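K.L.:
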Amino acid sequence: MNIDNFLSTLPIMGLGMLGIFIVTAVIILITMALNKLTAPKANEEKEES
Amino acid sequence: MEVIYQNALNIEWQQLVMWLIGGILIYLAIRRDMEPALLLPMGFGAILVNLPMSGAVTQIYEGATEIGILNILFDSGIANELFPLLLFIGIGAMIDFEPLLSNPKLMLFGAAAQFGIFFTLSMAALLGFQMNDAASIAIIGAADGPTSIFVANYLKSQYIGPIIVAAYSYMALVPIVQPPVIRLITTKKERLIRMPYSNVKISKLTKILFPIIVTIIAGIISPRSVALIGLLMFGNLIRECGVLNSLSDTAQKVLANLITLLLGITVAASMRAEAFLNLQTLMIMGLGLIAFVFDTIGGVMFAKVLNLFVKHKINPMIGAAGISAFPMSARVINKMGLAEDKHNFLLMHAVGTNVSGQIASVIAGGLILNFFS
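Those protein sequences? They're chains A and B, same order as listed.
Residue numbers 214 to 262, in the numbering used here, belong to the letters of the first sequence in order.
Residue numbers 45 to 417, in the numbering used here, belong to the letters of the second sequence in order.
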């Protein structure tokens, strides 16, 4: 058992999960903005139907 | 006469064990239909490279080195990460991100379900693996073969063979691994939560811009992952652009099939008995299971925590689909939902979460490379 190695990975665990959530949050925000900006207008939808 | 049986005398018991392992992989591929495109070539390759003095791998004959075909393929397709990257173009072309784009918040579950990677990293470090090996083993939790190959190879792990076997085996075992874990950490009431699906219309422009933007963001934050995510998104852009249907079709079928055909048997070059049959391989198989279990726990528990704050409750089972094993995990969650309530259709939510896991696992792989290379 290598306790020192184990302890050295704990900050990496925190940083790694934080990093994934930050990148994901940025992608979510941009996707939501894209959806809003490129959503078909109400009259376009009517025309299509 | 001696020439005929001379080589048979070179057979060692370790090689016989590897033949047995190869046979088991072939059995699982054919009879159990578990990832047959990879497990069958790997199984056959495990036998091929463990024949005494096998000419398929590099050998020294009478003082002269003869390079084996599988070593040539390994050096030109895996050692430089070419095969996994090319395969990602095909995978990108296969993925429809629409369920995810309809409900982008699902991406949070993809992020949460990468917890198994980092938990396994700590466990592998605790067990005494060197940090580059521990990180490579941890990435089994990405539940994504090409990412595992890419990271393990990039970090020059000596355990690339067992890591790849574990990664693909557990992906195939998702229908067996995930359900008991999910049942253990959810209540029946939670599993019965219904989630209506609103079919939001996604514009073509969004579908085209999404892969480009994801590549830019992931590339800036985690530059080492940009080859992986970039080629995944390139494949998806070919699919969504609408003017390259023939290329998209080729990437999804011909390219993906060709690479898969060579990938399994090439990986087998690293399954020679002397490198494969050891305690570390057993530990890696165990750690791979831990990675998948804690991925599942991470996704489910995150959904349960979110439910404390949101008005429209989330069925926590969909959190488990945040692992990248696509589309097996989404199918498992949908099946579990229907088993609890035959009118509870979770498929679209699970698919959205599952493809988000594909993106998140590549980002996790990139972060691991940032930390350890």
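Built from N, CA and C at the ideal position, the CB exists for glycine as well.
Predicted, not measured: the structure shown is a model, and the values here were computed from it.
1) Of the choices B:P128, B:I116, B:A364 and B:I367, whose alpha-carbon is the least far from that of N197 of chain B?
2) Tell me, please, which residues DSSP counts as bridged to I104 of chain B.
3) Buried or exposed, going by whether 16 or more other CB atoms sit within 10 Å of the CB of T244 of chain A?
4) Is any beta-carbon of chain A found at less than 9 Å from that of I309 of chain B?
5) By Cβ distance, which residues of its chain are closer than 7 Å to A295 of chain B, with the 5 residues on each side in sequence left out?
6) Buried or exposed for G356 of chain B, going by 16 or more other Cβ atoms inside 10 Å?
7) Count Cβ pairs between the region 356 to 371 of chain B and the region 106 to 121 of chain B that sit closer than 8 Å; are there 3 or more?
8) Give the interface partners of L352 of chain B over in chain A, defined as CB-CB distance under 7 Å, in chain order.
9) For a test of the three-state rule: what should DSSP assign to R283 of chain B, helix, strand or coil?
10) Do A156 of chain B and G396 of chain B have their C-beta atoms within less than 9 Å of each other?
11) Measuring straight from C-alpha to C-alpha, what distance separates F141 of chain B and G274 of chain B?
12) Given a threshold of 16 other Cβ atoms within 10 Å of its Cβ, counted over all protein chains shown, does E284 of chain B qualify as buried or as exposed?
13) Output, in chain order, the set of chain A residues within a Cβ distance shorter than 8 Å of I407 of chain B.
14) Exposed or buried, T310 of chain B, counting other C-beta atoms within 10 Å across all chains shown (16 or more means buried)?
15) Helix, strand or coil: which one does DSSP assign to A90 of chain B?
16) Around the C-beta of A313 of chain B, are 16 or more other C-beta atoms found within 10 angstroms, so that it is buried, or is it exposed?
17) Could you tell me the alpha carbon to alpha carbon distance between I237 of chain B and I358 of chain B, rounded to whole angstroms?
18) One question on the structure: do P360 of chain B and E234 of chain B come within less than 9 Å of each other, judged by their Cβ atoms?
19) Mind pulling the chain A residues with CB within less than 7 Å of T109 of chain B?
20) Between the Cα of A364 of chain B and those of B:V354, B:A317 and B:Q158, spot the shortest distance and give me the residue it belongs to.
21) Let me check understanding here. Comparing Cα to Cα, which of B:G66, B:V406 and B:G160 lies closest to P206 of chain B?
22) In chain A, which residues lie with their C-beta within 9 Å of the C-beta of M327 of chain B?
23) Looking at chain A, is there any beta carbon in it that lies within less than 9 Å of the beta carbon of L171 of chain B?
24) Would you mind telling me which residues of chain A sit closer than 8 Å to F415 of chain B, beta carbon to beta carbon, in chain order?
25) Taking its Cβ as the centre, do 16 or more other Cβ atoms sit within 10 Å of P190 of chain B, making it buried, or is it exposed?
26) Give the residues of chain A in contact with G154 of chain B, contact being defined as C-beta atoms less than 8 Å apart.
27) Against chain A, with Cβ distances strictly below 9 Å, would L249 of chain B count as a contact?
28) What's the C-alpha gap between M151 of chain B and I226 of chain B?
P.N.:
Let's see:
1) B:P128
2) B:T109
3) buried
4) no
5) I133, G134, A137, G279 and I282
6) For the sequence presented, residue 356 of chain B should be read as His rather than Gly. Under this definition H356 of chain B is an exposed residue.
7) no
8) Near L352 of chain B there are no residues of chain A at all, since even the closest Cβ is about 17 Å away, more than 7 Å.
9) helix
10) no
11) 15 Å
12) buried
13) G232, I233, V236 and T237
14) buried
15) helix
16) buried
17) 7 Å
18) yes
19) Chain A residues near T109 of chain B: none, gap ~37 Å exceeds 7 Å.
20) B:Q158
21) B:G66
22) Those within 9 Å of M327 of chain B in chain A number zero; the least Cβ separation is about 12 Å.
23) yes
24) I225, L228 and G229
25) buried
26) T237
27) yes
28) 19 Å
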